[in-house]
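A quick write-up on the structure given underneath.
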Amino acid sequence: MLLGLGLATIINVSLNFRDYSIKSATQKAMMAAAIVKDGLTAHMINGIMDKRDYFLNQISSSNNRIKNLWIVRSNKVTDQYGKGLSSEVIRDAIDKEVLQTGKTVRKITESTDSPMLRITIPYKATVDKPNCLSCHNVNRGDTLGVISMEFDITDMRNTGIFTILKILAINLLFILVVLFLINYYVSPYMKLFSNMQKGIRKAYKGDFSHEFTTSIGGDAKIIIDQLNILFRKMQETFGDIKHNLSIFIPQGYIASHDPLQEAKTIIGELSDIYKFKKTIELDSTKEIIYQRIIDVLHNKYKLSHFAFYEIDTLKATRELIYITQGKSVCKDTVDAEASLCRAHRTNTTVISSEFTHLCLECDCEGLEYICIPFTINDENSLVISITTKNQNELNKINAFVSSIENYLEAAKPVIESKMLMEKLRASSLKDPMTGLYNRRFLEEFIDTVANQAKRNKITYSVLMLDVDFFKNVNDTYGHDVGDKVIAKIGEVLLGNIRESDLAIRYGGEEFIVLLQNATDEGTKKIASKIHSEFANLLFDVGNDQTMQKTISIGIAKFPKDAESIWKCIKYADTALYVAKTTGRNKIVEYSPEMSENENLR
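The sequence shown runs 3 to 603 under my numbering.
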């Protein structure tokens, strides 16, 4: 800026000095022209015009700057007095122009040796002193002639150059002094700002270890000391925050180049996970929690196609909980043998791009996939299978696999708790000896079953079973043999009913079977099969002895016999009573007369 200012000053001075020099030379030429004019007038008045050449030479030689001086007569003067001296002729176009226009012409001719100023001035007729009209046949204002002069302005140019050099030297000296002062006073601040900028760049990357330094005293020194204290505290505090946050986020998280943005992202992730966990802790079943996870996969991660599986590790079976659309890319054999699932067997995330045909049980030609396994406990685990059409989308999904695992990790204790509660509840609703549902189950769910039956127009055949003379077994052979008999009944019942049917140990040696949508013929067939199969069983009672037992069965039908399943159970019990009181070891279907006879008793 200083050099630019100095250069502008020199150019301005140069231009102004040139104008001044030209104006000065022009003024001197005008003075010389006035002298020549007055001299020629005097020569004319005194009648010595023939001596004018001497006069002009004296004027020219008296001023060493005037290189040439000549006069030219106008046509009117020539016509009146003749051509005059041989030198008094038009020499160039400038003389001609001034004679015609009556205006002064100035021209500068530049050269390396000696620049010249040419000036041609008109000599016009006046009526004042002198009265030109008294001697010339002209009108007032007519041009009588011109006076042309050439001035050597080399000394003015040299003076200008010297002046410019002095100004340049002064400017350079001023610039040097200013630069020295800037370096002395401003440089420490520039170094301070540079040092601060370096520290801020490092801080932007999460590094607050920079030490600020300055040679400036006073307030600047105080600010630097405070900055150093602040950065030391930030280094300690932010380091602790980053370390603590890394504990919450498991391995696989991709760190950002901006630690503050990274911390913001992690904290946001933790906040979302915390809200998710607080929500699922209040959910009543694991199925609802599974739906929450599915919602997260849809809404947060925008997954368009995935399947959600639950694996029973003990049974080595896999159950499809949810699939977005279509059919699973896994082969059907995996459901029956979960160990075929590579992700479950290796407990590692399987990514199709890692190797051709990585999972042999995956049938997904033209698709890419990621399978994420997650262990809940020793008995259960989950697998999320995500499919996509191209490698770029697969890479995007792979980037937030660890984030999905965070949600699964947060849900793990809640899911495990729900599974345990379901297991405890199931054990409280089932008879441990037979594996059948118990009376508590019947009391809790029979109304639900009845309502569903009414809505969907489902019928039930109710079988009430009782072991004939079971008390004699316990009294004669002991309770161990009696327990074997009870356990075998459970096996027989489970082996002869469908998945949609229910078998319940009602109490002691009494059992109830609910056959869904069974025809009369089908009901009789199943009852007969249960009756005969149990009768053919041999029970070891010790001492190389065996025994056989029989059962009696009473049958009632819902809603044919009653509009309430509880009433049907009562009617089946009535039919069973009839079977036992009429000889046992038989199957009896309920009829209304049985209730009338029971009322008579």
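Note that CB positions come from ideal geometry on N, CA and C, so glycine has one too.
I'd like to confirm the pairing. Which residues does DSSP put opposite valine 515 in its beta bridges? The count along the sequence shown starts at 1 and reaches residue 515 at position 513. In DSSP, valine 515 forms a bridge with Leu465 and Ala505.
Where glycine 6 and leucine 174 are concerned, what is the direct C-alpha to C-alpha distance, given to the nearest angstrom? The count along the sequence shown starts at 1 and reaches residue 6 at position 4. The count along the sequence shown starts at 1 and reaches residue 174 at position 172. Approximately 11 Å between the Cα atoms of the pair.
Between the CA atoms of lysine 420 and lysine 200 - distance to the nearest angstrom: On the sequence shown, position 198 is the one that residue 200 refers to. On the sequence shown, position 418 is the one that residue 420 refers to. When rounded, the distance between both Cα atoms is 55 Å.
Rounded C-alpha distance that separates glycine 270 from serine 405: By one-based count along the sequence shown, residue 270 stands at place 268. By one-based count along the sequence shown, residue 405 stands at place 403. Rounded to the nearest angstrom, the two C-alpha atoms are 12 Å apart.
Taking the C-alpha atoms as reference points, what is the distance between threonine 461 and asparagine 519? For the purposes of this step, residue 461 is taken as the residue at position 459 of the sequence shown. For the purposes of this step, residue 519 is taken as the residue at position 517 of the sequence shown. Cα to Cα, the separation comes out at about 5 Å.
Starting from serine 387 and walking both ways along the beta strand (DSSP E), at which residues does that stretch end? On the sequence shown, residue 387 is found 385 positions in, with the first residue counted as 1. Counting along the chain, the beta strand (DSSP E) containing serine 387 begins and ends at 382-390.
Backbone secondary structure at methionine 33 - three-state DSSP: Translated into the one-based positions of the sequence shown, residue 33 becomes position 31. Three-state result, methionine 33: helix.
Is the beta carbon of threonine 576 less than 8 Å from the beta carbon of serine 597? Numbered from 1 along the sequence shown, position 574 holds the residue referred to as residue 576. Numbered from 1 along the sequence shown, position 595 holds the residue referred to as residue 597. Cβ distance < 8 Å, so threonine 576 and serine 597 count as in contact.
Can you tell me whether lysine 277 is buried or exposed? The criterion is at least 16 other CB atoms within 10 Å of its CB, across all chains shown. As a first step, residue 277 is located in the sequence shown; it is residue number 275 there, counting from the start. Exposed: under 16 other Cβ atoms inside 10 Å.
Threonine 521 burial status per 10 Å Cβ neighbour count (16 or more: buried): Translated into the one-based positions of the sequence shown, residue 521 becomes position 519. Exposed, by the Cβ-count rule.
Residue range of the beta strand (DSSP E) that includes threonine 215: The residue given as residue 215 occupies position 213 in the sequence shown. Looking at the DSSP string, threonine 215 is not in any beta strand (DSSP E), and its letter there is neither H nor E.
How far does the alpha helix (DSSP H) with alanine 345 in it extend, from its first residue to its last? Position 343 of the sequence shown, counted from the first residue, corresponds to residue 345. 344-348 is the extent of the alpha helix (DSSP H) around alanine 345.
Of the residues Ala31, Ser306, Gly208 and Ser341, the one placed nearest lysine 266, counting alpha carbons only: Residue numbering aside, residue 266 sits at position 264 when the sequence shown is read from its first letter. The shortest C-alpha separation from lysine 266 is found at Gly208.
Just how far apart, CA to CA, sit serine 88 and valine 74? The residue you call residue 88 lines up with position 86 of the sequence shown. The residue you call residue 74 lines up with position 72 of the sequence shown. About 10 Å.
Let me know the alpha helix (DSSP H) ranges lying completely inside the stretch 293-349, each 4 residues or longer, listed in chain order. 335-338 and 344-348
Can you tell me whether serine 463 is buried or exposed? The criterion is at least 16 other CB atoms within 10 Å of its CB, across all chains shown. On the sequence shown, position 461 is the one that residue 463 refers to. Buried: at least 16 other Cβ atoms inside 10 Å.
Let me make sure I understand the geometry here. Which of Ser502, Ile491, Leu17 and Ala413 has the alpha-carbon closest to that of leucine 284? Counted from its first residue, the sequence shown places residue 284 at position 282. Out of Ser502, Ile491, Leu17 and Ala413, Ala413 has the C-alpha closest to the C-alpha of leucine 284.
Expected contact under 8 Å - CB spacing of methionine 151 and alanine 31 to nearest Å: Within the sequence shown, the letter at position 149 stands for residue 151. Within the sequence shown, the letter at position 29 stands for residue 31. Indeed, because the Cβ distance is near 5 Å, the residues count as touching under 8 Å.
What is the rounded straight-line gap between the Cα of isoleucine 163 and the Cα of isoleucine 169? Walking along the sequence shown from the start, residue 163 turns up at place 161. Walking along the sequence shown from the start, residue 169 turns up at place 167. Approximately 10 Å, taken between the alpha carbons.
Beta-carbon within less than 8 Å of lysine 223's beta-carbon, same chain only, minus the 5 sequence neighbours each way: which residues are those? Walking along the sequence shown from the start, residue 223 turns up at place 221. Excluding residues within five positions, the ones whose Cβ falls inside 8 Å are Thr216.
C-alpha gap between proline 594 and tyrosine 324, whole angstroms: What you label residue 594 is simply residue 592 of the sequence shown in a count that begins at 1. What you label residue 324 is simply residue 322 of the sequence shown in a count that begins at 1. The alpha-carbon atoms of proline 594 and tyrosine 324 are separated by roughly 48 Å.
Just to confirm, is the Cβ distance from arginine 67 to phenylalanine 176 under 8 Å? Within the sequence shown, the letter at position 65 stands for residue 67. Within the sequence shown, the letter at position 174 stands for residue 176. Not in contact: arginine 67 and phenylalanine 176 (Cβ atoms no closer than 8 Å).
Which same chain residues end up closer than 7 Å to aspartate 503 when comparing Cβ atoms and leaving out the 5 residues on each side of it in sequence? Locating residue 503 in the sequence shown gives position 501, counting from the first residue. Closer than 7 Å at Cβ, skipping near neighbours: Val515, Leu516, Leu517 and Gln518.
With distances taken between CB atoms, is the gap from proline 124 to valine 148 smaller than 8 Å? Counted from its first residue, the sequence shown places residue 124 at position 122. Counted from its first residue, the sequence shown places residue 148 at position 146. Cβ atoms of proline 124 and valine 148: closer than 8 Å.
Ends of the alpha helix (DSSP H) at lysine 85? Your numbering for residue 85 matches position 83 in the sequence shown. No alpha helix (DSSP H) holds lysine 85; DSSP gives it neither H nor E.
Ranges of the alpha helix (DSSP H) found wholly within the stretch 417-494, counting only runs of at least 4: 441-458 and 472-479
Presumed contact (8 Å Cβ cut-off) between isoleucine 61 and alanine 34, rounded CB distance: Within the sequence shown, the letter at position 59 stands for residue 61. Within the sequence shown, the letter at position 32 stands for residue 34. Indeed, because the Cβ distance is near 7 Å, the residues count as touching under 8 Å.
Can you tell me which residues form a DSSP beta bridge with tyrosine 125? As a first step, residue 125 must be located in the sequence shown, where it is residue number 123. Partner(s): Gly147.
Between the Cα of leucine 384 and the Cα atoms of Glu289, Met423 and Leu71, which residue gives the shortest distance? Against the sequence shown, residue 384 aligns to sequence position 382. If we check each option's Cα against that of leucine 384, Glu289 comes out closest.
Spatial neighbours of leucine 146 in its chain, beta-carbon cut-off 6 Å, leaving aside the 5 residues before and after: Working through the sequence shown from its first residue, we reach residue 146 at position 144. These residues qualify, in order along the chain: Ser76, Val79, Tyr125 and Ala127.
Contact defined as beta carbons within less than 8 Å: I believe isoleucine 313 pairs with valine 416. What is the distance between those atoms, to the nearest angstrom? In the sequence shown, residue 313 corresponds to position 311, counting from 1. In the sequence shown, residue 416 corresponds to position 414, counting from 1. The Cβ separation is near 18 Å, so there is no contact.
Let me confirm a value: asparagine 408 is counted as buried when at least 16 other C-beta atoms fall within 10 Å, else exposed. Which label applies? As a first step, residue 408 must be located in the sequence shown, where it is residue number 406. Counting Cβ neighbours within 10 Å, asparagine 408 comes out buried, since at least 16 surround it.
Cβ neighbours of histidine 307 in the same chain (closer than 6 Å, five flanking residues each side left out): For the purposes of this step, residue 307 is taken as residue 305 along the sequence shown, with counting starting at 1. So the list reads Thr326 and Thr389, once near-sequence residues are dropped.
Over what stretch of residues does the beta strand (DSSP E) that includes glycine 556 continue unbroken? For this step, residue 556 is matched to residue 554 along the sequence shown. Element bounds for glycine 556: 553-560.
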